[in-house]
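*Asks:* What follows is a structure written as C-alpha coordinates; I'll ask about it next.
In our numbering, the protein residues as written are 939 to 1098.
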(Lines of atoms letter the chains of each structure in order from A and count residues from 1; the text may use other names and numbers.)
(Lines give C-alpha, C1' and ligand atoms only; values in the text may rest on other atoms or scores of the structure.)
Protein backbone atom coordinates (compact mmCIF):
# COMPACT_ATOMS: atom_id res chain seq x y z
CA UNK A 1 0.00 0.00 0.00
CA UNK A 2 1.51 3.30 -1.04
CA UNK A 3 -0.97 5.60 0.72
CA UNK A 4 -3.21 5.53 3.75
CA UNK A 5 -6.04 6.22 1.31
CA UNK A 6 -5.49 2.87 -0.44
CA UNK A 7 -7.24 0.85 2.25
CA UNK A 8 -10.63 0.27 3.78
CA UNK A 9 -11.52 -0.24 7.41
CA UNK A 10 -14.55 -1.86 8.95
CA UNK A 11 -16.98 0.36 10.83
CA UNK A 12 -18.45 -0.93 14.06
CA UNK A 13 -21.60 -2.10 12.26
CA UNK A 14 -19.60 -4.13 9.75
CA UNK A 15 -19.82 -1.81 6.72
CA UNK A 16 -16.59 -0.89 4.94
CA UNK A 17 -15.26 2.66 5.09
CA UNK A 18 -12.68 3.85 2.57
CA UNK A 19 -9.86 5.80 4.14
CA UNK A 20 -9.99 7.94 0.98
CA UNK A 21 -13.15 9.48 2.49
CA UNK A 22 -10.83 11.30 4.90
CA UNK A 23 -8.70 13.02 2.25
CA UNK A 24 -8.09 16.65 3.13
CA UNK A 25 -8.57 16.09 6.86
CA UNK A 26 -6.06 15.87 9.68
CA UNK A 27 -6.45 12.50 11.40
CA UNK A 28 -5.49 11.13 14.78
CA UNK A 29 -5.64 7.35 14.65
CA UNK A 30 -5.59 5.52 17.99
CA UNK A 31 -5.67 1.88 19.02
CA UNK A 32 -7.90 1.80 22.08
CA UNK A 33 -8.93 -0.53 24.90
CA UNK A 34 -11.74 -0.10 27.40
CA UNK A 35 -10.06 -1.73 30.40
CA UNK A 36 -6.54 -0.27 30.22
CA UNK A 37 -4.70 2.10 32.54
CA UNK A 38 -4.66 4.59 29.65
CA UNK A 39 -8.44 4.34 29.07
CA UNK A 40 -9.06 7.73 30.77
CA UNK A 41 -7.36 9.26 27.71
CA UNK A 42 -10.74 8.89 26.01
CA UNK A 43 -11.78 12.07 27.83
CA UNK A 44 -8.81 14.04 26.46
CA UNK A 45 -9.36 12.62 22.99
CA UNK A 46 -13.00 13.67 23.11
CA UNK A 47 -11.95 17.14 24.32
CA UNK A 48 -9.64 17.47 21.27
CA UNK A 49 -12.41 16.25 19.00
CA UNK A 50 -14.91 18.72 20.45
CA UNK A 51 -12.46 21.58 20.03
CA UNK A 52 -11.24 20.86 16.49
CA UNK A 53 -13.85 18.74 14.69
CA UNK A 54 -15.14 21.78 12.79
CA UNK A 55 -11.64 22.38 11.39
CA UNK A 56 -11.38 19.29 9.16
CA UNK A 57 -10.13 17.05 11.98
CA UNK A 58 -11.15 13.49 12.80
CA UNK A 59 -10.17 11.04 15.50
CA UNK A 60 -10.53 7.41 14.48
CA UNK A 61 -10.61 4.87 17.30
CA UNK A 62 -9.69 1.25 16.68
CA UNK A 63 -10.41 -1.07 19.60
CA UNK A 64 -7.85 -3.82 20.09
CA UNK A 65 -7.72 -6.78 22.48
CA UNK A 66 -4.11 -7.86 21.88
CA UNK A 67 -2.65 -6.46 25.08
CA UNK A 68 -3.69 -8.48 28.16
CA UNK A 69 -7.32 -8.84 26.99
CA UNK A 70 -8.24 -5.28 27.94
CA UNK A 71 -11.13 -4.90 25.50
CA UNK A 72 -14.68 -6.21 25.62
CA UNK A 73 -15.61 -9.04 23.25
CA UNK A 74 -18.85 -7.41 22.12
CA UNK A 75 -18.64 -4.42 19.76
CA UNK A 76 -21.81 -2.90 21.19
CA UNK A 77 -20.38 -3.11 24.69
CA UNK A 78 -17.22 -1.30 23.51
CA UNK A 79 -19.21 1.57 22.04
CA UNK A 80 -21.59 1.82 24.99
CA UNK A 81 -18.68 1.90 27.43
CA UNK A 82 -16.95 4.71 25.50
CA UNK A 83 -20.12 6.81 25.18
CA UNK A 84 -21.42 6.32 28.71
CA UNK A 85 -18.11 6.75 30.54
CA UNK A 86 -16.29 9.30 28.37
CA UNK A 87 -18.90 10.85 26.08
CA UNK A 88 -17.10 9.59 22.96
CA UNK A 89 -18.68 10.83 19.73
CA UNK A 90 -15.74 10.35 17.35
CA UNK A 91 -15.89 7.25 15.14
CA UNK A 92 -15.05 3.94 16.78
CA UNK A 93 -14.36 1.12 14.35
CA UNK A 94 -14.59 -2.65 14.56
CA UNK A 95 -12.11 -4.33 16.90
CA UNK A 96 -8.91 -5.18 15.01
CA UNK A 97 -5.40 -6.58 15.37
CA UNK A 98 -2.73 -3.88 15.35
CA UNK A 99 0.21 -6.30 15.26
CA UNK A 100 1.04 -9.88 14.34
CA UNK A 101 -0.10 -12.17 11.57
CA UNK A 102 -3.61 -10.69 11.36
CA UNK A 103 -2.49 -7.06 11.61
CA UNK A 104 -4.90 -4.75 9.82
CA UNK A 105 -3.69 -3.18 6.58
CA UNK A 106 -4.14 0.27 8.12
CA UNK A 107 -1.84 -0.44 11.06
CA UNK A 108 0.58 -2.27 8.79
CA UNK A 109 0.87 0.98 6.83
CA UNK A 110 1.08 3.22 9.91
CA UNK A 111 3.79 1.17 11.61
CA UNK A 112 5.83 0.96 8.42
CA UNK A 113 5.69 4.75 8.02
CA UNK A 114 6.59 5.65 11.63
CA UNK A 115 8.57 3.27 13.77
CA UNK A 116 8.25 3.43 17.52
CA UNK A 117 10.97 3.66 20.13
CA UNK A 118 11.58 -0.10 19.94
CA UNK A 119 10.81 -0.62 16.24
CA UNK A 120 7.66 -0.71 14.17
CA UNK A 121 5.39 -2.99 16.18
CA UNK A 122 2.67 -1.51 18.37
CA UNK A 123 3.68 -2.24 21.97
CA UNK A 124 0.53 -1.23 23.87
CA UNK A 125 -2.92 0.36 23.81
CA UNK A 126 -3.37 4.05 22.99
CA UNK A 127 -0.51 4.37 20.52
CA UNK A 128 -1.46 7.37 18.38
CA UNK A 129 -0.64 8.43 14.81
CA UNK A 130 -1.06 12.00 13.54
CA UNK A 131 -1.79 12.18 9.80
CA UNK A 132 -1.74 15.40 7.76
CA UNK A 133 -4.29 16.54 5.16
CA UNK A 134 -2.37 14.74 2.39
CA UNK A 135 -2.28 11.39 4.17
CA UNK A 136 1.32 11.63 5.38
CA UNK A 137 2.06 10.11 8.78
CA UNK A 138 3.56 13.07 10.64
CA UNK A 139 4.19 11.62 14.05
CA UNK A 140 3.71 8.55 16.20
CA UNK A 141 2.99 9.04 19.90
CA UNK A 142 3.53 6.45 22.63
CA UNK A 143 0.65 5.37 24.86
CA UNK A 144 1.72 7.65 27.71
CA UNK A 145 1.52 10.77 25.48
CA UNK A 146 -1.71 12.39 26.58
CA UNK A 147 -4.03 14.04 24.07
CA UNK A 148 -3.11 17.38 25.69
CA UNK A 149 0.53 16.84 24.63
CA UNK A 150 -0.57 16.28 21.03
CA UNK A 151 -2.55 19.51 20.78
CA UNK A 152 0.36 21.77 19.74
CA UNK A 153 1.26 19.47 16.82
CA UNK A 154 -2.40 19.20 15.89
CA UNK A 155 -3.12 22.93 15.92
CA UNK A 156 0.02 23.59 13.85
CA UNK A 157 -1.22 21.18 11.16
CA UNK A 158 -4.66 22.70 11.16
CA UNK A 159 -3.30 26.22 10.54
CA UNK A 160 -1.16 25.22 7.53
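Backbone N, C-alpha and C fix where the C-beta goes; we use that ideal spot for every residue, glycine too.
Reducing DSSP to helix, strand and coil, say where residue 1016 ends up.
*Replies:* In this structure, residue 1016 counts as helix in the three-state DSSP scheme.
*Asks:* Pick from 1089, 1082, 1081, 951: whose alpha carbon is nearest that of residue 1015?
*Replies:* Residue 951 is the option with its Cα nearest to residue 1015.
*Asks:* Taking buried to mean at least 16 other C-beta atoms within 10 Å of its own C-beta, is residue 958 buried or exposed?
*Replies:* Exposed, since its Cβ has fewer than 16 Cβ neighbours within 10 Å.
*Asks:* Taking residue 1077 as the reference, which of 966, 1002, 1009, 1006 has the closest Cα?
*Replies:* Here the closest residue by C-alpha is 966.
*Asks:* So the candidates are 1002, 956, 993, 1034; which of them puts its Cα closest to the Cα of residue 970?
*Replies:* Residue 1002 is the option with its Cα nearest to residue 970.
*Asks:* Given a threshold of 16 other Cβ atoms within 10 Å of its Cβ, counted over all protein chains shown, does residue 1097 qualify as buried or as exposed?
*Replies:* Classification for residue 1097: exposed.
*Asks:* Alpha carbon to alpha carbon, how far is residue 1036 from residue 1048?
*Replies:* Rounded to the nearest angstrom, the two C-alpha atoms are 10 Å apart.
*Asks:* Starting from residue 950, follow the beta strand (DSSP E) in both directions and report where the run begins and ends.
*Replies:* Per DSSP, residue 950 belongs to no beta strand (DSSP E) and is neither H nor E.
*Asks:* Do the stretch 1016-1027 and the stretch 1037-1046 meet, that is, are 3 or more Cβ pairs less than 8 Å apart?
*Replies:* No contact exists between the stretch 1016-1027 and the stretch 1037-1046.
*Asks:* Counting only the same chain and skipping the five closest in sequence on each side, list residues whose C-beta sits under 6 Å from that of residue 1044.
*Replies:* Here the set comprises 945, 947.
*Asks:* For the beta strand (DSSP E) that contains residue 996, what are its first and last residues?
*Replies:* Per DSSP, residue 996 belongs to the beta strand (DSSP E) from 995-1001.
*Asks:* Identify whether residue 967 lies in helix, strand or coil by the three-state DSSP scheme.
*Replies:* Reduced to three states, the DSSP call for residue 967 is strand.
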